[in-house]
Amino acid sequence: MNLKHGDYVRFVYRIRILDNMGAYSMNEERTGEIIRIKDESSIYVIDGNDDTYCIGLSEIIEVI
Numbered sequence: 001m002n003l004k005h006g007d008y009v010r011f012v013y014r015i016r017i018l019d020n021m022g023a024y025s026m027n028e029e030r031t032g033e034i035i036r037i038k039d040e041s042s043i044y045v046i047d048g049n050d051d052t053y054c055i056g057l058s059e060i061i062e063v064i
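Count the sequence shown with my numbering and you get residues 1 to 64, in order.
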């Protein structure tokens, strides 16, 4: 996958939750713009709510 700064991507973000019932996780699908690529396991993406995510290449579903 040939990614570059400014590409919009659809990706899976894993949310980890720890509460009094234990620890669990769930996946959410998000869309955002790549703002930095450090390496294939550190791709920084910002979404429409100005939230920033650090994701890996394996979490990207598609380039939009």
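Every residue, glycine too, gets a C-beta built ideally from N, C-alpha and C. Keep in mind it's a predicted model, so treat the numbers as computed, not measured.
Just to confirm, is the Cβ distance from residue i to residue j under 8 Å?
{"i": "I37", "j": "H5", "result": "yes"}
{"i": "R14", "j": "S25", "result": "yes"}
{"i": "G56", "j": "E40", "result": "yes"}
{"i": "N27", "j": "V45", "result": "no"}
For residue i, is the classification buried or exposed, using 16 other Cβ atoms within 10 angstroms of its Cβ as the cut-off for buried?
{"i": "I61", "result": "exposed"}
{"i": "I34", "result": "buried"}
{"i": "I64", "result": "exposed"}
{"i": "G32", "result": "buried"}
Whole-angstrom Cβ separation of residue i and residue j, contact assumed at under 8 Å?
{"i": "R30", "j": "Y53", "result": "7 Å"}
For residue i, which residues of its own chain have a beta-carbon under 6 Å away from its beta-carbon, when the five flanking residues on both sides are left out?
{"i": "Y8", "result": "E33 and I64"}
{"i": "M1", "result": "none"}
(request) Counting only runs of 4+ residues fully inside the stretch 22 to 57, write out the alpha helix (DSSP H) ranges in chain order. (result) The qualifying runs do not exist here; there are none.
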